[in-house]
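Heads up, the thing below is written out as structure tokens.
Protein chains: 2
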Amino acid sequence: MTYVIDNLQYANWSPRIFRQMREGGVDAVHVTIAYHESFREMVLNLEAWNRWFEAHPDLIFKGTCAEDVARARETGRTAIFFGFQNPSPIEDDIGLIEICHQLGVRFMQLTYNNQSLLATGCYEDDDTGLTRFGRQAVAEMNRVGLVVDMSHSADRSTLEAIEASTRPIAITHANPSWWHPARRNKSDEVLSALTARGGMLGFSLYPHHLKDGSACTLDSFCAMVVEACERYGARHLGIGTDLCQDQPDSIVEWMRVGRWSKEIDYGEGSADAPGFPPMPDWFTDNRDFGNIREGMSRAGLSDADVDGIMGDNWHRFYAESFGPAKHGEAGHQARRAAP
Amino acid sequence: MTYVIDNLQYANWSPRIFRQMREGGVDAVHVTIAYHESFREMVLNLEAWNRWFEAHPDLIFKGTCAEDVARARETGRTAIFFGFQNPSPIEDDIGLIEICHQLGVRFMQLTYNNQSLLATGCYEDDDTGLTRFGRQAVAEMNRVGLVVDMSHSADRSTLEAIEASTRPIAITHANPSWWHPARRNKSDEVLSALTARGGMLGFSLYPHHLKDGSACTLDSFCAMVVEACERYGARHLGIGTDLCQDQPDSIVEWMRVGRWSKEIDYGEGSADAPGFPPMPDWFTDNRDFGNIREGMSRAGLSDADVDGIMGDNWHRFYAESFGPAKHGEAGHQARRAAP
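So the sequences go chain by chain: A and B.
The working numbering puts the first residue of the first sequence at 1, with every later residue one more than the last.
The working numbering puts the first residue of the second sequence at 1001, with every later residue one more than the last.
Rendered as structure tokens:
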């Protein structure tokens, strides 16, 4: 079976976008439901999603396990999986990790751009690695089946999370810095360590993560994918577009500044270009996954590798990651996978 | 199969009590997890239960569906089902009903003793029936599979809930007022309407609900059960002991007064007897369900009726009640059951 899974979107959700997911044959999408929200505020976002599920059962449903991806394919719908881009919804309470998992959350970044209670974000000057709470939180996330995501975290924190986690972790949306040395992209050291332990990288289509930004060509992107396959093994790679379709620029300001500063912080943007950058013309919405598939084939990847990157690798990762830890899954060595 | 289900307890939980559940052969218990808590406070109670489940997987686990009762029996454990005795955790937000159901809550009283946002409690002077929010909440509870419980509600509110609900409702813990005319016990009119629509009554062992209080005899209790079978049909009857084992008297004060009054309210108690009353000597903890079974047999009930009241009726009700409404389940008439 070959699935199409986008492992990161944060769109301004609408029936139009859900229909585009169907037009694009997208079986599953991991959607962001919190940046800076408290637990209580995040619950309001869950409620909004419950309303979408109730209003559009013909297009979408809530996904919680790998089998839901198959169910989506069989019933012609898209399974929506939940994730946090920041650990703010668990506040200072390790018990909220299991509560969030029970509510369907399947990915949680240990940091957004800043220092969190758990680890250090990639915009801080100093990276002190996992905190005391961070180590406890990783163990609890391993236990219940909530995936550690280090997309916005700094290098030391990321390497320590890879090491501390007894289950493979994810970088859901970023690219290699050897292709485009953006602050949010990841070093070869990080990506090697991630994938050597069975972790997954989702390639981002967000222009700040692309060589030549919005002007990045599909050929350039796919040549990068080919090289990543050679370095890390195709089975550890997938897609996480970071698609922020139809969002007003006020949202990127919320993502970057939240409530932590009264001054503006441009993050990956700048005073000249503070808003969302335009997407590359070969990927503007959920109907364009065929372009990526064709581009990877044209670049010389095997059908099996293309299928894996388009969704089968995330599907396998979902199957291994979303349930409670099996007895004996605490050991590191057993899970070290060949790249 | 014959199960043992206690459909209402609010004990001061401990491994000792969980072991007593096993000694008593109790397959499932519906436990109260909120009286006056806000949503956020109730989540802390869920966290405490998650800790119990993690610490004692050999004794208890979280139950969410009827199949969990069978699983409890097969694995020699007790399935714990969650409920609220007051709608305070949904605050003023209908969306929290589905969120609470997703967190495993399966019963919710529309009121405790006072007027709530949904209906009128049995200690108010005037009963104005279901509120505007109350009607919407009942419909939403029907949709997601959260059972309406009217144990502490006033008569008009209860009758209106029975009528408004498209699925059978419950009075989880009370007795007929024709046996003992306590304010918390229920009129023949209410019990007839409840059971005529397929609803369930759980017999209470709380002394204020018993004829002669703590001195109530098992024979008197079982004679009442026999008469209730004759009036309402045995299949609509079960047990809901209201066991508050090992609780300090500060807890009954919290149950009655919450944060709504600075003055003491004795509820069913009095200034002379403000605390928890002593349980009848034939039912003091989970090991005593055999006494009730024997008493009912001795009183002349058939084995099938005894099995039903001990747990099989609640098991059937769980199977019909905890899942989402089936298509077409909105109609009243189809669900009218013979008593």
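Even glycine gets a Cβ: it sits at the ideal position worked out from N, Cα and C.
Since this is a predicted model, take the numbers as computed values, not measurements.
{"Query": "Using DSSP with H/G/I as helix, E/B as strand and the rest coil, what is A/I94?", "Result": "coil"}
{"Query": "Answer yes or no: does any C-beta atom of chain B fall closer than 7 Å to that of A/I99?", "Result": "yes"}
{"Query": "Pick out the complete alpha helix (DSSP H) segments inside the segment 1257-1336 of chain B, 4 residues or longer, and give them in chain order.", "Result": "1289-1298, 1303-1307 and 1313-1321"}
{"Query": "Would DSSP call B/P1168 helix, strand or coil?", "Result": "coil"}
{"Query": "Does A/R106 pass the burial test, meaning 16 or more other C-beta atoms within 10 Å, or should it be called exposed?", "Result": "buried"}
{"Query": "My understanding is that A/S204 touches A/H236, with C-beta atoms under 8 Å, so please give their C-beta distance in whole angstroms.", "Result": "Actually they are not in contact, since the Cβ atoms of A/S204 and A/H236 sit about 15 Å apart, beyond 8 Å."}
{"Query": "In chain B, which residues lie with their C-beta within 8 Å of the C-beta of A/R40?", "Result": "F1039 and R1040"}
{"Query": "By DSSP, does A/V144 sit in helix, in strand, or in coil?", "Result": "helix"}
{"Query": "What's the C-alpha gap between A/R184 and A/C122?", "Result": "7 Å"}
{"Query": "Would you identify the three-state DSSP class for A/H173, choosing helix, strand or coil?", "Result": "strand"}
{"Query": "Whole angstroms is fine: what's the gap from A/T284's alpha carbon to A/L59's?", "Result": "20 Å"}
{"Query": "List the residues of chain B that A/L46 touches, going by C-beta distances under 7 Å, in chain order.", "Result": "I1099"}
{"Query": "Apart from the five residues just before and just after A/G300, which ones in its own chain have a Cβ nearer than 7 Å to its Cβ?", "Result": "V226"}
{"Query": "Residues of the segment 128-149 of chain A in Cβ contact with chain B at a cutoff of 8 Å, in chain order, please.", "Result": "none"}
{"Query": "Any contact between the segment 87-100 of chain A and the segment 63-71 of chain A? By contact I mean 3 or more CB pairs, one from each, below 8 Å.", "Result": "no"}
{"Query": "Looking at C-alpha atoms only, which residue of B/I1080, B/Y1035 and B/R1040 is the closest neighbour of B/R1022?", "Result": "B/I1080"}
{"Query": "Output the boundary residues of the alpha helix (DSSP H) element that contains B/R1073.", "Result": "A1066 to T1075"}
{"Query": "Pairs of beta-carbons, one from the segment 268-283 of chain A and one from the segment 243-257 of chain A, closer than 8 Å: are there three or more?", "Result": "yes"}
{"Query": "How big is the Cα-Cα spacing for A/H332 and A/G83?", "Result": "Caution applies to A/H332, whose pLDDT of 44 falls short of 50 and renders its modelled position unreliable; the value that the coordinates give is listed next. Distance between the alpha carbons of A/H332 and A/G83: 25 Å."}
{"Query": "Do B/E1268 and B/H1208 have their beta-carbon atoms positioned less than 7 Å apart in this structure?", "Result": "yes"}
{"Query": "On a CA-only basis, which of B/Y1318, B/I1162 and B/Q1085 is nearest B/A1070? Give me that one, please.", "Result": "B/Y1318"}
{"Query": "Helix, strand or coil for A/T111? Go by DSSP, reduced to three states.", "Result": "coil"}
{"Query": "Kindly list, in the order they appear in chain B, the residues whose Cβ is closer than 9 Å to that of A/L8.", "Result": "The premise fails here: A/L8 is roughly 23 Å from chain B at the closest Cβ pair, so nothing lies under 9 Å."}
{"Query": "Beta carbons nearer than 8 Å to chain B: which residues of the segment 74-98 of chain A have them?", "Result": "D93, G95, L96 and E98"}
{"Query": "Which same chain residues end up closer than 6 Å to A/R132 when comparing Cβ atoms and leaving out the 5 residues on each side of it in sequence?", "Result": "none"}
{"Query": "Could you name the residues of the same chain whose beta carbon sits closer than 7 Å to that of B/A1223, not counting the 5 residues immediately before and after it, in chain order?", "Result": "A1299"}
{"Query": "Taking 8 Å as the threshold, find out whether the segment 153-169 of chain A comes into contact with the segment 215-222 of chain A through three or more Cβ pairs.", "Result": "no"}
{"Query": "Using only the alpha-carbon positions, how far apart do B/A1334 and A/R77 sit?", "Result": "Per-residue confidence for B/A1334 stands at a pLDDT of 38, beneath the threshold of 50, marking its modelled position as unreliable; the derived number appears in the next sentence. Each residue's Cα considered, the two are about 32 Å apart."}
{"Query": "Whose Cβ in chain B lies nearer than 8 Å to the Cβ of A/L103?", "Result": "I1099, Q1102 and L1103"}
{"Query": "Counting C-beta neighbours from all protein chains within 10 Å, is the total for B/A1337 16 or more, i.e. buried, or is it exposed?", "Result": "For B/A1337, the pLDDT reaches just 43, beneath the cut-off of 50, and the residue's location in the model is therefore unreliable, although a value from the coordinates is still provided. The residue is exposed, with fewer than 16 neighbouring Cβ atoms inside 10 Å."}
{"Query": "For A/N50, return the contacting residues in chain B, with the cut-off set at a CB-CB distance below 7 Å.", "Result": "G1095 and E1098"}
{"Query": "With respect to the beta strand (DSSP E) encompassing B/N1007, which residues constitute its N-terminal and C-terminal limits?", "Result": "I1005 to Q1009"}
{"Query": "Can you find a C-beta in chain A that's less than 7 Å from the C-beta of B/V1190?", "Result": "no"}
{"Query": "Using C-beta distances below 8 Å, list every residue in its chain close to B/A1034, excluding the 5 sequence neighbours before and after it, in chain order.", "Result": "E1041, M1042, N1045, F1084, Q1085, N1086, S1088 and P1089"}
{"Query": "What in chain A is Cβ-close to B/V1043, meaning under 8 Å?", "Result": "F39, L96 and I99"}
{"Query": "Using only the alpha-carbon positions, how far apart do A/A161 and A/H152 sit?", "Result": "13 Å"}
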